[in-house]
Amino acid sequence: MPSYSPPLPLKRARRSSPTIRSRRHLGGWEINVPFIVERTPGKTDMDAPLFDLNYGLPDIQLKLEIPIKVVHEDNNGTTAGLGDLLLGVKWRFFNNEKSQLQLGVYPQLLLPSGDHARGLGEGRTAFVLPFVAQKSWGQWTLYGNVGFWWQNAAETRNYVYAGAVLERDFSERLTLGVELFGNSPKERGGGSDVAFNIGGAWKLSKHLNLL
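For the sequence shown, numbering that gives the first Met the number 0 assigns the number 210 to the last residue and increments by one with no breaks.
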């Protein structure tokens with residue numbers, strides 16, 4: 000299903016505009032291994048790496064994210080270990096091949112497997128329910144989603160988010176895209192966020208892409 004999934008505005012899980020493309024073969028695996036670095040005043044938070052495992056079924060994709068966290072605080076040193084796991088099921092309930100319009104839902108559950116006392120996890124479960132859509136025409140693809148996060152960790156609050164990506168295939172190997180996303184406040188007393196990304200995918204071989 001997904002081929003390129005830019006960041007989601009959540010402190011740990013970063014998926015905001017997943018595609019809902021079908022796989023050519025049932026039972027196909029997709030494994031992404033990104034390294035993610037987030038720098039805020041006094042703190043550097045890394046997924047080094049994040050193992051993003053996906054398995055495709057007819058109109059359904061199963062996913063598991065396993066982050067290896069490295070957290071450095073300027074005043075407290077560095078800690079590392081397993082972060083919070085993220086489980087998800089993406090269901091494409093509408094697919095019109097003529098118009099190339101697809102719709103789906105993508106519920107995901109965050110499990111508090113990371114050591115909260117060491118700064119490696121949220122310490123509580125969280126749940127997100129996004130609705131996703133995708134439209135293709137020629138070499139262009141537009142996709143995005145809108146969702147709601149339920150959070151239980153201390154000092155956090157429930158929030159809504161939305162994101163959209165516009166991609167263009169420049170060749171059989173190169174795809175470039177731009178994303179715009181935002182969210183309401185994620186923490187008590189916090190503010191809303193609006194941001195953008197620019198990225199792409201380069202096909203190195205039949206089964207290997209560089210994102």
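The beta carbon of each residue, even a glycine, is placed where N, CA and C say it ideally should be. All figures in this text were calculated on a predicted structure; none of them were measured in a lab.
> To the nearest whole angstrom, what separates the beta carbons of G146 and V127, a pair I think is in contact under 8 Å?
Replying inline: 5 Å
>> Tell me the DSSP secondary structure of R167 in three-state form.
In response: strand
> Is it right to say F93 is buried, meaning 16 or more other beta carbons lie within 10 angstroms of its own, or is it exposed?
Replying inline: exposed
>> Buried or exposed, going by whether 16 or more other CB atoms sit within 10 Å of the CB of Q107?
In response: buried
> Does DSSP put A47 in a helix, a strand or coil?
Replying inline: strand
> E206 by DSSP, collapsed to three states: which one?
Replying inline: Looking at the sequence itself, residue 206 is His, so the reference to Glu does not match. Coil.
> Where does A194 fall in DSSP's three states?
Replying inline: strand
> Which full runs of the beta strand (DSSP E) of 3+ residues lie inside the stretch 51-122, going along the chain?
Replying inline: 59-72, 76-81, 84-95, 100-104 and 107-110
>> Are the CB atoms of V164 and N144 within a distance shorter than 7 Å?
In response: no
> Taking the continuous beta strand (DSSP E) assigned at R38, which residues delimit it?
Replying inline: I35 to T39
> Quick one: what's got a C-beta closer than 8 Å to S183's C-beta in the same chain, skipping five residues either side?
Replying inline: Y158, V159, Y160 and S191
>> Distance check for G55 and W201, CA to CA, integer angstroms please.
In response: 22 Å
>> So, with DSSP's three-state summary, where would you put S183?
In response: coil
> Is it right to say L207 is buried, meaning 16 or more other beta carbons lie within 10 angstroms of its own, or is it exposed?
Replying inline: exposed
> Which two residues bound the contiguous beta strand (DSSP E) that contains Q150?
Replying inline: W139 to Q150
> From which residue to which residue does the beta strand (DSSP E) around V127 run?
Replying inline: A125 to W136
>> Let me make sure I understand the geometry here. Which of L179, D44, E37 and R123 has the alpha-carbon closest to that of V69?
In response: D44
> Can G76 and G113 be called in contact, C-beta distance under 7 Å?
Replying inline: no
> How close, in whole Å, do the beta carbons of L231 and L84 come, if the pair is a contact with beta carbons under 8 Å?
Replying inline: Residue coverage of the chain in this structure runs from 0 to 210, which leaves residue 231 outside it and unanswerable.
> Under a Cβ-count criterion, where at least 16 other Cβ atoms within 10 Å of its own Cβ denotes burial, should A194 be classed as buried or exposed?
Replying inline: exposed
>> Since G80 and L119 should fall inside the 8 Å C-beta cutoff, what is the C-beta to C-beta distance between them, to a whole number of angstroms?
In response: 5 Å
> CB-CB under 7 Å to Q150, same chain, minus the five flanking residues each way: which ones, in chain order?
Replying inline: A125, R156 and N157
> Which of helix, strand or coil does DSSP assign to G27?
Replying inline: coil
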